[in-house]
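Everything below concerns the one structure shown next.
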Amino acid sequence: MNNEAGQVYTGDSSVLRFFEQLSAIPRASGSEKAISDFVAAFARERGCTVVQDDRWNLIIRKPAASGYESAPIVIFQGHLDMVCEKNKATVHDFAKDPIRFKIDGDMIYADGTTLGADNGIAVATAMAIIDSPDMAHPELEILLTTEEETSMGGAFHLDPAPLKGRMMINFDSDREGILFVSSAGGINAFHSVPLAWQQADASTGAPHTISVQGLMGGHSGDDIIHERGNANKLLGRVLDDLRGHADFALAWVSGGAKVNAIPREADAAVYLSEAGKAAAEARIAELNRILRDEFQASDKGVTVTLQAGFDEGVGAAAAGKAFTEDVKQAVIRLLTLIPNGVLSMDKAIGNLVRTSSNLGVVSVNDTHVVMQSLARSSMRSQVDEVVRTMRTLAETAGCEFRTDQYFPGWPYRADSKLRPVFQEAYEKRFGKPIEIKAIHAGLECGVLIEKMPDLDAVSFGPNMYEIHTPDEHLSISSVERTWPFLQDVLRALKG
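The numbering of the sequence shown is UniProt numbering, which starts it at 1 and goes up by one.
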């Protein structure tokens, strides 16, 4: 039952069979050529026309079925790339290794890595549409973009001129039975502390590693409302606490892998004397007790550890040296003070985060300690306010600060023609109303609507859980329900 890519799906869903094929093809953000070429060849072999641009975005045109020639053109949209996260102990090279499946009852997991259902399930569904010669549907423009998980760079770069459709089904949501009709915008922000080093010798102390582990993590938009622990912020809290109880030199900090994932692990390399080690052990024991109480509902596995020696990746870089005291203090202050978590709730829509920030990645390069955050809000003015706060903090800490391109939110459209079609089709198939909701996560709908202001969009998809983490999993039965429902919708869009 096992092959090179892991456990084989043996059910009847064409979508899941295509998803398994995709899982053998690496598709990290920024490295989508192979997956783009694969899907383009697949579509051409089945008589579709394909436009592939220099960022490997795809526009695949499938002609209307008989009787649908006069129906409005519909865009089906998803993205080709995936978040590449793995557990620290997992040996996996996302540049070449296939994603290995593990099937547990109704769920498909990967083996210690992200599964890539976000958004491989949209690509697999697109392939199922292309491969279905007898499906009833209007003319379809299948739009598959790149770099969604890092910058939405593919969508920003896209030339919309070839697209004639003005109704769009985005398939990048993770809750069956919910139709999303609005999403947040956001921006990446970077605090960079210029590096300065001092020599470390016997008087500085012995190398040790402080680690924060055992957190749930999750999507920094969807899961921020759960107020899960952020490993980078907790590491800052530990270091801030220790500097009041023990002398130590700081040589390295690292945590998180993707800015749109709540970090699950973070590490600091420190030098401690024997007395400093004893004090640190006492404080860490107390902090473990405190954190277990604080996070018993959201992150009951949270643990702070102190180990002798540096991790392999840190050892070569930091051996025999440490940050200067000024750099150390600036790093700790920033880790402690950078805004993080839920910052405001939307009072008009129940249980919806309006504004948040996620300190997603902390890293050290040749010249700087870099802390990358992602601020999100359904209101541009509140994103601007978070950025202002961050910039003021950078001025106070004496570090560099920059932001990258803002990705726009997706405004609610009261006169949508597409939304009622979904509502009617859902009630007819399942005997209950579909939920209409806004989402705090960023979707490409906002970027595409800026390019095509008259675009009428909705977003939905099958049940996926713990996306952007190695615990990501996908419901088989949900895929088997959403696929025929999508066909119902396309059949109903006859004009």
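Glycine included, C-beta positions come from ideal geometry on N, C-alpha and C.
Check	Outcome
Secondary structure of residue 9, DSSP reduced to three states	coil
Distance between residue 366 and residue 113 (C-alpha atoms, nearest Å)	28 Å
Distance between beta carbons of residue 338 and residue 393, contact taken as under 8 Å	7 Å
Where the alpha helix (DSSP H) containing residue 405 begins and where it ends	Looking at the DSSP string, residue 405 is not in any alpha helix (DSSP H), and its letter there is neither H nor E.
Whether residue 43 touches residue 50 by CB criterion (8 Å)	yes
Contact with chain D by residue 279, beta-carbon distance below 8 Å	Protein chain content of the structure displayed is limited to a single chain, and chain D is not contained in it.
Member of 151, 343, 101 whose CA lies at the smallest distance from the CA of residue 17	101
Residue 452 versus 99, 160, 490, residue with shortest Cα-Cα distance	160
Helix, strand or coil at residue 496 [DSSP, three-state]	The structure shown does not extend to residue 496, since the chain is modelled only from 1 to 495, so the question has no answer here.
Residue 238 in three-state terms, based on DSSP	helix
7 Å Cβ shell around residue 306 - same chain, five flanking residues per side excluded	208, 210, 280, 281, 284
Contacting residues, own chain, Cβ-Cβ under 6 Å from residue 468 (five flanking each side not counted)	83, 219, 261
Close beta carbons around residue 198, own chain, < 7 Å, minus the five adjacent residues each side	321, 322, 324
Where residue 1 sits in the DSSP three-state scheme	Caution applies to residue 1, whose pLDDT of 27 falls short of 50 and renders its modelled position unreliable; the model cannot decide the point.
Backbone CA spacing between residue 9 and residue 485 [nearest angstrom]	21 Å
Residue 54, DSSP secondary structure in three states	coil
Start-end ranges of the alpha helix (DSSP H) lying completely within the stretch 301 to 337, minimum 4 residues	312 to 318, 325 to 337
Beta-carbon proximity list for residue 34, same chain, < 6 Å, skipping 5 on both sides	25
Per-residue DSSP class, three states only, for residue 357	strand
Beta-bridge partners of residue 271, as assigned by DSSP	207, 249
Identity of the residue in 480, 400, 409, 356 nearest residue 380 by Cα	409
Separation of residue 456 from residue 185, as counted between CA atoms	18 Å
Spatial distance of residue 256 from residue 158 (CA atoms)	29 Å
Residue range of the alpha helix (DSSP H) that includes residue 82	Careful: residue 82 lies outside any alpha helix (DSSP H) and carries neither H nor E.
Presumed contact (8 Å Cβ cut-off) between residue 147 and residue 165, rounded CB distance	Contact doesn't hold; Cβ gap of about 22 Å is too wide.
Proximity winner among 434, 221, 143, relative to residue 162 (alpha-carbon distances)	143
Supposed contact pair residue 373 and residue 357 - C-beta distance, whole angstroms, cut 8 Å	5 Å
CA-to-CA distance, residue 74 to residue 495, given in whole angstroms	11 Å
Three-state secondary structure (DSSP) of residue 101	strand
Proximal residues to residue 177 (C-beta, below 7 Å), its chain only, five neighbours per side dropped	434, 435
Cβ pair residue 27, residue 81 closer than 8 Å	yes
Assumed close pair residue 196, residue 364 - CB separation to whole angstroms, cut-off 8 Å	Rounded, the Cβ-Cβ distance is 12 Å, inconsistent with contact.
Beta-bridge partners of residue 170, as assigned by DSSP	77, 459
C-beta atoms of residue 264 and residue 297 nearer than 8 Å	no
Which listed residue (11, 225, 104, 126) has its alpha carbon closest to that of residue 471	104
Rounded straight-line distance, which links the Cα of residue 62 to that of residue 77	13 Å
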